[in-house]
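Order-wise, the sequence lines are chains A and B. Counting from 1 along the first sequence, just add 566 to a position and that's the residue number in this note's numbering. Counting from 1 along the second sequence, just add 422 to a position and that's the residue number in this note's numbering.
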Amino acid sequence: GNSVTQMEGPVTLSEEAFLTINCTYTATGYPSLFWYVQYPGEGLQLLLKATKADDKGSNKGFEATYRKETTSFHLEKGSVQVSDSAVYFCALSANQAGTALIFGKGTTLSVSS
Amino acid sequence: NAGVMQNPRHLVRRRGQEARLRCSPMKGHSHVYWYRQLPEEGLKFMVYLQKENIIDESGMPKERFSAEFPKEGPSILRIQQVVRGDSAAYFCASSNRETSNQPQHFGDGTRLSIL
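Now the structure itself:
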């Protein structure tokens, strides 16, 4: 079946450090891929998405490239800020109408000044 | 606020009681999804509804749980005879199309605590 595996946290970084959160997936066909961010006490917010191979999603300095050959969608940011501290979820949606999202377990990022 | 609205934000119930969670989708959205988040876990899909129809309930426990999305009013997730293991955050998401590449927009969730 379809699944998402992301690196376990917590990830602790100093401000302005480089961030990578690994995400790999298993899916039949060509899923759409997403990164969501969850701040404490809140719901999930869409951070970025990619819908086909080699697409790069980007938003707020975060980037992720859909790599079909390695079935990966790693999240990167060149210089993190304290305000980026949150839980990050990688998710996929199978290429079928109305399909629900399948999430990874989430990676907690803590950025200190 | 045109976002997905969930209420209540926090709900406390004693074992054996009923819990009713409400979700109003974003304006113009007719597709609603319910997810459950257990502590230290990602979100798990429960049920997908369109107006007056349950499309996919493959993630919903077979007993005690039910969901509806009536023609008028919010979507309701109902848990009967709650048990301690039902304690979790329940999130609702909506989208405006059924295609898989449309992002789902999430509410802030209902945190259910069972005493």
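Just so it is clear, CB atoms sit at the ideal spot from N, CA and C, and this is done for glycine as well.
- [ ] Answer yes or no: does any C-beta atom of chain A fall closer than 8 Å to that of Asp530(B)?
- [x] yes
Open item on the list: In whole angstroms, give me the CA-to-CA distance for Gln439(B) and Arg486(B).
Closed with: 11 Å
Open item on the list: Please state the DSSP three-state secondary structure of Val505(B).
Closed with: Coil.
Task: Extent of the continuous beta strand (DSSP E) run through Asn475(B) - done: 475 to 478
Task: Alpha carbon of Arg533(B) to alpha carbon of Met573(A), nearest angstrom - done: 26 Å
TODO: Would you list, in chain order, the members of the stretch 457 to 473 of chain B that have their beta-carbon closer than 7 Å to a beta-carbon of chain A?
DONE: Glu463, Gly464, Leu465, Phe467, Tyr470
- [ ] Give me the Cα-Cα distance between Ser638(A) and Cys589(A), rounded to the nearest whole angstrom.
- [x] 6 Å
TODO: Quick one: list the residues of chain B neighbouring Leu612(A), beta-carbon separation under 9 Å, in chain order.
DONE: Pro525, Gln526, His527, Phe528
Open item on the list: Is the beta carbon of Ala657(A) closer than 8 Å to that of Tyr632(A)?
Closed with: no
TODO: Take Lys618(A) and list the residues in its own chain whose beta-carbon comes closer than 7 Å to its own, dropping the five residues that flank it on each side.
DONE: Tyr596, Tyr632
Open item on the list: When you compare the CB of Gly670(A) with every CB in chain B, is at least one pair closer than 8 Å?
Closed with: Among the CB atoms of chain B, one or more fall inside 8 Å of the CB of Gly670(A).
Open item on the list: Per the DSSP calculation, Gln611(A) is bridged to which residue(s)?
Closed with: Val603(A)
Open item on the list: Under 8 Å, with one C-beta from each stretch per pair, do the stretch 455 to 467 of chain B and the stretch 666 to 675 of chain A reach the 3-pair mark?
Closed with: Contact between the stretch 455 to 467 of chain B and the stretch 666 to 675 of chain A is present: 3 or more CB-CB pairs across the two stretches fall below 8 Å.
TODO: Measuring alpha carbon to alpha carbon, tell me which of Gln524(B), Phe513(B), Ser509(B), Cys514(B) ends up nearest Arg435(B).
DONE: Ser509(B)
Task: Sheet register partners of Val469(B) (DSSP bridge) - done: Trp456(B)
Open item on the list: Would His451(B) and Asn518(B) be called neighbours here (beta carbons separated by less than 8 Å)?
Closed with: It is a contact, given that the beta carbons lie within the stated cut-off.
TODO: Using the Cα positions of Ala515(B) and Asn475(B), report the straight-line distance between them to the nearest angstrom.
DONE: 16 Å
TODO: For Asp530(B), count neighbouring C-beta atoms within 10 Å of its own C-beta (all shown protein chains included) and say buried if the count is 16 or more, exposed if not.
DONE: buried
Task: Supposed contact pair Tyr455(B) and Lys466(B) - C-beta distance, whole angstroms, cut 8 Å - done: The pair is not a contact, with the Cβ atoms about 11 Å apart (cut-off 8 Å).
TODO: Starting from Met448(B), follow its DSSP beta bridges and name the residues at the other end.
DONE: Per DSSP, none; premise fails for Met448(B).
- [ ] Return yes when the Cβ of Val677(A) is within less than 8 Å of the Cβ of Val653(A), no when it is not.
- [x] For the 8 Å CB-CB criterion, Val653(A) and Val677(A) do not form a contact.
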